[in-house]
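To keep things clear, I will list the structure first and then write my remarks on it.
Protein chains: 2
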Amino acid sequence: MKEKIGNGPWIKKIELEITSPSLRDNTADTDRLISGIKKELNAEIMVDFSLVKGVPHTLRKYDYKIDALLFEYRNCWNLIDIFPLQKDADYFGLAMDLGSTTVVLRLVNLISSKTKYETSFNNPQIEIGPDILTRIHFSAQDGGLEKLQAILIKRLNREILELAEKVGINTDSIIGMSVAGNTTMTHFFLGLDPYWICREPYIPVVNRPGIIKSSELGIAINKNAPVLVFPNAGSYFGGDLIAGIMASGMMHESEIAFLVDVGTNAEVVIGNCDWLMACAGAAGPALEGGVASMGMMAGPGVIDKVVIDPNTLEIILSTIENLPPIGICGSGLIDLVAQLFLAGMIDLRGKFVLEKCEKKFIDIEGIKHLIVVEPEDSGTEKYLTLSQPDIDALMRSKAAMYTILTTVSNTVGISLNEITKFYVAGTFGLYIKPQSAITIGMIPDLPLERYVPLGNTSLEGACMALMSFKAREEIYKIRDQITYLELNVNQEFMNLFSAAKFIPHTDSALFPSVKEWRQNTCNRSRVQGLTVQR
Amino acid sequence: MKEKIGNGPWIKKIELEITSPSLRDNTADTDRLISGIKKELNAEIMVDFSLVKGVPHTLRKYDYKIDALLFEYRNCWNLIDIFPLQKDADYFGLAMDLGSTTVVLRLVNLISSKTKYETSFNNPQIEIGPDILTRIHFSAQDGGLEKLQAILIKRLNREILELAEKVGINTDSIIGMSVAGNTTMTHFFLGLDPYWICREPYIPVVNRPGIIKSSELGIAINKNAPVLVFPNAGSYFGGDLIAGIMASGMMHESEIAFLVDVGTNAEVVIGNCDWLMACAGAAGPALEGGVASMGMMAGPGVIDKVVIDPNTLEIILSTIENLPPIGICGSGLIDLVAQLFLAGMIDLRGKFVLEKCEKKFIDIEGIKHLIVVEPEDSGTEKYLTLSQPDIDALMRSKAAMYTILTTVSNTVGISLNEITKFYVAGTFGLYIKPQSAITIGMIPDLPLERYVPLGNTSLEGACMALMSFKAREEIYKIRDQITYLELNVNQEFMNLFSAAKFIPHTDSALFPSVKEWRQNTCNRSRVQGLTVQR
């Protein structure tokens, strides 16, 4: 039986033709239903009391020929709902990547395992605070936590109703959901107080929320649908990263791999099939587009790639969907700074080289800005510029990132060069050019093919755990396997951080490729080779 | 572990001093609590999502020193509540005998297993209909079922609040409940539609309601308290009788015993440790005090014992609490009719012998009534009388009872004489004089010591199942072991019934003692020997 559970889904449809009651067999309707299911599943069956009331009417209406929908939890199959027997009926599940900025939903057909629809929306909690800390403070106000939860669920429900209408299904046929998000976001989703998350010693309300009935959360899918909420491994290591580890598959390989997810925090995992060490630190703001004056999230018209001609110092851009540029995203910013460095326009401290930049400066509120896009070329009809503070912020972010990677690898006694796979999760991972990130010394100087972009691993992992019993079990194994390295209490960090605040690093021997790229940077063919791609 | 569960209670208090969180141990509060409990119980622990929200605050408030209250269900211990650690704190459970007429509550101390308080109240559904069928019809009306449930729960809650105040406890310290009632009453309690219970083939909504959270039923005890609702073995064999079987202990004996519970229905079980056969039939109305003109439930001033002087035909009565008589209960009525028969005042058909009774008749609305109590001796200041229709009703009831016993014993091929223990459950069993019941041919002519009155076995069984894991398991074993004999479809019944409508029976050889008692009935010492006792 264990084997049967292990290899299959944990949300199932069972087609049943139950014997009708008679004087010879006066078993009650609910018990009759249970024994019918038991014959098929050979397991403990549980029918929630809230469902019992409707069983006699439903069974008679469908003439005891039914589709029974069930989910497995703690060695027991639980009834979700009963529908009339239909050989070709489809039932759906919803996987959710619960980001602090963006929420992504994927509707999957649980019978065929195919994706039916995917959509995303801005987390409505942004209106309360773009950053998590503001939201945590807000949650301490009277009714604050309730409001944070309510606006999220309300927005989610609107999206669910819209998507159900769009694909032509009834929301009752959505019989399961999985949610991967960071620890704080998950707390907001569940209406749990994050008060102790951001205070030493940083304690979440719960590590393993497990499975919760959708109606307990007020989600507009089948009211008995199980909602699998990803576990966390601490206040700063959430279910999104556990999903990411699972989606990367790194815990099945014998070779040691890195997984990096850059969002508001840089979250880093190192390990293999035997062990996993995780670490997270504030490294991301400059990379998320929230800091630089022209920074913004990836989207149409946003600069995602930059090349600078070292002879003419001409800045050649590509934008998403090839629209006139309106801002720059994290990967674009990294490209830009890497190219500025290779072209000699900034030095190894990340400071503008005045004799090279002078002609491209414009003064805004008393601060020199490097013009990246002239108003006539800009989608905003204004200058798009880069200031020294913008670069400084990126320098801190990249230094933090590199320091986290170094700290983690030092802690486990592995040289960064030994890493054979370096997975980069998130939208950021899809857009970033590893060569540029290496150039500025953000990530180690490894052969480029070792960098593997993975896309939205949080959503991917949520989807896997929704559809497979084994994957669902695996998220708890991953959680339990993770050793969490608390950066806040690590003394070595600040020393490493200072050394990493140079381009590429104070110890340039760590980045032999950058020296070579700098020498070759006059090679025009590289610039001509740029293709605008997404 | 199994053994530990088996021998102990299934509702437990665990005293815990949990390690406070630190930077070295950042386990979430809920998971910290779970692992603390796990260390004590070495079992799977579940914390309902509704409790998770409050865990961080509660643990901190009590400085991580707590009493954790838990209940076992499906191999998992579920958290009920957390209280501050108190070595001598008591926690309580409520056992309920859910009768269609009377509801009895017993508050037990779950730590000491002692009874703390007992109380009873009239089932408020009586206002809708004294009999179950009227209530079932009412439940089919719009909002009828909801009303039946609501008035019962409301009345129950009032009683709970009163008893908690009386014994000086908080209702939150009542952390478990068990409910034994007949199948229909249980359906009303749970708000389940009894529509199919009274229609062929007589199918309940559920046989094993299992354990339901008190808040789902709106009961005013701890909101996460488990409510164990006794299973039923069919529409006409309820949890009250399963509780009775357990309380009798008959399923642990190798000798074959009878258990009889006389309420609105006569419910009969025969069997031993290897098998159990059950049967129920409408036999009771005349015995419950609802039919005879002066009939009433046992209570102060109600006639419970009668002796007639065969020479003077003087009727000597005893009443409950020795108050002036106001009516007669079932056991009193059986005594009265038995004595009338022994004194020759009624014949073997149960008809008044005119020459003996003439002087004691009074005419009420054209029907002859035998005066039992003169107005000057009566608590009501009116005549208390017995009419021919009253006797006829009792004759039908007693005939039904005897027929059920015969049918059941015939079905299993056992002679009534072979029965070594004859358990009589219910209040009725406490008051009835077996000799009188034998005299009228209601129960078989066995040596009197074989009759064992058990009192309220429904309450007793509910109490046992509330306090012990083994007893809780046993009710399901009993349920599964019962073979239910459906009287409604048995052809032999009507023939046997006709033969039993005589005093004591058409076949007087079945009742040798009665012949003897009739001959000895002039013995004055027997009459003088009457003591008024309760």
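Residue numbers (the working numbering), protein chains in the order written: chain A, 3 to 536; chain B, 3 to 536. Beta carbons: idealized from backbone N, C-alpha and C, even for Gly.
For Lys400(B) and Gln143(B), the gap between their C-alpha atoms comes out near 35 Å. For the pair Ala30(A) and Gly329(B), the Cα-to-Cα distance works out to about 41 Å. DSSP places Tyr238(A) in the coil class of the three-state scheme, outside both helix and strand. Residue pairing for Leu100(B): DSSP places it in a beta bridge opposite Val105(B), Gly183(B). A direct Cα-Cα distance of roughly 8 Å separates Pro391(B) from Ala294(B). For Lys361(A), the nearest beta carbon of chain B is not closer than 8 Å to its own beta carbon. Contact with chain A is found for Tyr204(B), since one of that chain's Cβ atoms lies less than 8 Å from the residue's Cβ. Chain A places a beta carbon closer than 8 Å to that of Cys78(B), counting this residue as a contact.
Annotated as distal: Ser24(B) and Tyr66(B), with beta-carbon spacing of 8 Å or more.
The Cβ-Cβ distance between Leu335(A) and Gly297(A) falls below 8 Å. For the C-beta of Leu194(A), the chain B residues within less than 7 Å are, from N- to C-terminus, Val54, Lys55.
Using a 10 angstroms sphere on the CB of Ala511(A), the tally of other CB atoms stays under 16, which defines it as exposed. In the structure shown, the three-state DSSP call for Ala152(B) is helix. Taking all protein chains in view, the Cβ of Trp277(B) is surrounded by fewer than 16 other Cβ atoms within 10 Å, so the residue is classified as exposed. Note that the C-beta distance between Gly463(B) and Ala182(B) is below 8 Å. The beta carbon of Tyr64(B) lies closer than 6 Å to those of Pro86 in the same chain, with the five residues before and after it left out. Where Lys118(A) is concerned, there is no enclosing alpha helix (DSSP H), although the beta strand (DSSP E) around it starts and stops at 117-124. Taking the CA atoms as reference points, Leu147(B) sits about 50 Å from Glu360(B). Interface residue (Cβ-Cβ distance to chain B less than 8 Å): Ala30(A) is classified as such. Under the Cβ distance rule, Phe140(B) does not count among the residues neighbouring chain A, no pair being separated by less than 8 Å. In the three-state scheme derived from DSSP, where H, G and I count as helix and E and B as strand, Ala268(B) is classed as strand. Exclusion of the five residues before and after Ile364(B) leaves His371, Ile373, Tyr385, Thr387 as the residues of its chain whose Cβ lies within less than 7 Å of its Cβ. Look at Asn458(A): its C-beta is not under 8 Å from any C-beta on chain B. Within the same chain, Met248 come within 7 Å of Glu476(A) by CB-CB distance, once the 5 residues on both sides are set aside.
Annotation: the continuous alpha helix (DSSP H) that includes Gly463(A) extends over 459-469. Nearest CB-CB separation between Glu74(A) and chain B: not below the 8 Å threshold. Among the residues of the region 40-52 of chain B, those with a Cβ less than 9 Å away from any Cβ of chain A are Glu46, Met48, Val49, Phe51, Ser52, in the order of the chain. Under a 10 Å Cβ-count criterion, His254(B) is classified as exposed, with fewer than 16 other Cβ atoms of the shown protein chains found around its own Cβ. The alpha helix (DSSP H) runs of length 4 or more contained entirely in the region 304-358 of chain A are, from start to end of the chain, 332-344. Relative to Arg351(A), the option among Cys331(A), Val414(A), Gly443(A) whose CA is nearest is Gly443(A). Around the beta-carbon of Met496(A), fewer than 16 other beta-carbon atoms lie within 10 Å, marking it exposed. When C-beta atoms of the region 33-53 of chain A are compared with those of the region 76-91 of chain A, three or more pairs fall below 8 Å, so the two segments count as touching. Contacts between Asp242(A) and chain B, judged by CB atoms closer than 8 Å, are missing: the closest CB pair is about 17 Å apart.
The region 26-45 of chain B and the region 204-212 of chain A touch, with no fewer than 3 CB-CB distances between them shorter than 8 Å. What Trp198(A) touches in chain B, judged by beta-carbon distance under 7 Å, is Pro58, going in chain order. For Ile214(B), at least one C-beta of chain A is nearer than 8 Å to its own C-beta.
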